[in-house]
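Going left to right, the sequence shown walks through residues 0 to 153 as numbering that gives the first Met the number 0 numbers them.
All C-beta atoms in this analysis are idealised placements derived from N, C-alpha and C, irrespective of residue type, glycine included.
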Amino acid sequence: MRSKSRTILYSGLLSGTLDILAAIIIYAVILHQTTAVKILQSIASGIFKQEAYTSGSQMAFYGLLLHYFIAFVFAYIYFKIYPYFPFLRNSLLLSGVLYGMFVWIVMNLIVLPIVFPKLPQKHFDFPLLLSVLILIFCIGLPIAYITKKFYTRH
0 MRSKSRTILY SGLLSGTLDI LAAIIIYAVI LHQTTAVKIL QSIASGIFKQ EAYTSGSQMA
60 FYGLLLHYFI AFVFAYIYFK IYPYFPFLRN SLLLSGVLYG MFVWIVMNLI VLPIVFPKLP
120 QKHFDFPLLL SVLILIFCIG LPIAYITKKF YTRH
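Here it is as structure tokens:
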């Protein structure tokens, strides 16, 4: 990566794309629990509440934009903290796993409960483990890899 902003852009685009594709493939295609449009509308509902489910593809588009915005925020945060935590530089795998878990904690224990106060209780089961693994492999590891690549060259 040649510049800081390009590094954040690439890591945000890659992680956001991998994450939304994983959600669609697993929950809509494999498990048949929902549709791609409903997944994106659910993301949009963080801002638009119930209206997100009544406006079809427009709200799905807003959900996709919000999803990428969140991915860019997490890419930016990791890029900014990377130089200050030596353990992030020591092991790409460990830092990617830890950051994926951090993203899961922030989203599921802070952001979602604030946006949706009446969420179902979380249980340590396969769906929870699957959601953590998706964030590790689709968010944590790609962001860690691209950021490490930048800082190794600079």
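Local conformation of PHE71 per DSSP, three classes = helix
task = Please list, in chain order, all residues of the same chain as GLY95 whose beta carbon is under 6 Å from its beta carbon, the five residues on each side excluded.
result = Cβ neighbours of GLY95 beyond the five flanking positions: GLY139, LEU140, ALA143.
Chain-order list of residues whose beta-carbon lies under 7 Å from that of GLY45 (same chain, five-residue window excluded) = LEU65, VAL114
task = Could you name the residues of the same chain whose beta carbon sits closer than 7 Å to that of CYS137, not counting the 5 residues immediately before and after it, in chain order?
result = SER14, LEU17, ASP18, ALA21
query = With a CB to CB cut of under 8 Å and the five nearest residues on each side skipped, what residues in its chain are close to PHE149?
reply = MET0, LYS3, THR6, PHE78
Inside the segment 65-114 only - alpha helix (DSSP H) runs reaching at least 4 residues = Taking 4 residues as the minimum length, the alpha helix (DSSP H) runs contained wholly in the segment 65-114 are 85-89, 91-104, 111-114, in order along the chain.
query = Going by the beta-carbon positions, is the gap between THR67 and GLY11 smaller than 8 Å?
reply = With the sequence shown as reference, residue 67 is identified as Tyr, and Thr is not the correct amino acid for it. In this structure, GLY11 lies closer than 8 Å to TYR67 by Cβ.
query = For the ligand FMN, is there a heavy atom less than 7 Å away from the beta-carbon of HIS66?
reply = No copy of the ligand FMN appears in this structure; indeed no ligand is present at all.
inquiry  = In this structure, how does DSSP classify GLN57 when only helix, strand and coil are distinguished?
reply    = In this structure, GLN57 counts as helix in the three-state DSSP scheme.
request  = Give the secondary structure of PRO126 by DSSP, where H, G and I count as helix, E and B as strand, and everything else as coil.
outcome  = helix
ask   = So, is ILE109 buried or exposed, given that buried needs 16 or more other C-beta atoms within 10 angstroms?
value = exposed
ask   = So, helix, strand or coil for THR33, using DSSP?
value = coil
query = Going straight from the alpha carbon of MET100 to that of ILE25, what length do you get?
reply = 19 Å
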